[in-house]
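K.L.:
Here it is, the structure in full.
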Amino acid sequence: MPKSIYFKQKEELLPEELMAYTLAKLGSYEWNRTEMYNPNRIYEHPAGFYFRFHNADQVYEQLKPCIEQFKGSLKWTIHVSPISKNKNYVIEPADVYHAKQTEAYQANMELEEVLQASYKEICELAIQDIPLLCNHVEQWFELEHKKLYPPTIPS
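Right, here's the structure in full:
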């Protein structure tokens, strides 16, 4: 069984775990999907980080300008997932977010069909952006030497 991000040093992290590790320095997760993408099937879906902090509404508002001002290969956004009953948040490429708003996506939930020729490139560029985006978040919030908040068990 792989070691949790809470028991790893930053150097031990897999690229797909970096965002979970970085944001754990901002607050305690109530829920998160640790891996942003499947490294064995990078075109399965574009990289995105799905999470919910425990009692941290103001953190989301502080994260929004940080994520949106990141200058990477792609523009990124943070938003509340429209398909979660628990107000889960998503950090993902803005192109993916906009594609999910289209009628074509709502009809069949196929991002690849909506994004067409740019789909694979978005998947690849998103993966390349992850370490840069995490560094941007660390600098923005001055997290370089901060410890991870332990996860919160919902009551």
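In the working numbering, the protein residues as written are 432 to 586.
The beta carbon of each residue, even a glycine, is placed where N, CA and C say it ideally should be.
Output the residue ranges of the alpha helix (DSSP H) runs that lie fully inside the stretch 480-552 and measure 4 residues or longer, sorted by chain position.
P.N.:
488-499, 525-531, 534-539 and 542-546
K.L.:
Could you tell me the alpha carbon to alpha carbon distance between ALA487 and LEU546, rounded to whole angstroms?
P.N.:
33 Å
K.L.:
I'd like the list of long-range same chain contacts for LEU444, defined as Cβ closer than 6 Å, with 5 residues on each side in sequence excluded.
P.N.:
TYR452
K.L.:
Would you check if the distance between the CB atom of GLU492 and the CB atom of TYR468 is smaller than 7 Å?
P.N.:
no
K.L.:
Going by other Cβ atoms of all chains shown within 10 Å of its Cβ, with 16 needed for buried, is PRO524 buried or exposed?
P.N.:
buried
K.L.:
Leaving out five residues on either side along the sequence, give the residues of the same chain with a beta carbon under 6 Å from the beta carbon of ASP560.
P.N.:
Closer than 6 Å at Cβ, skipping near neighbours: GLY503, SER504 and LEU505.
K.L.:
How many Å lie between GLU552 and PRO562 at the Cα?
P.N.:
17 Å
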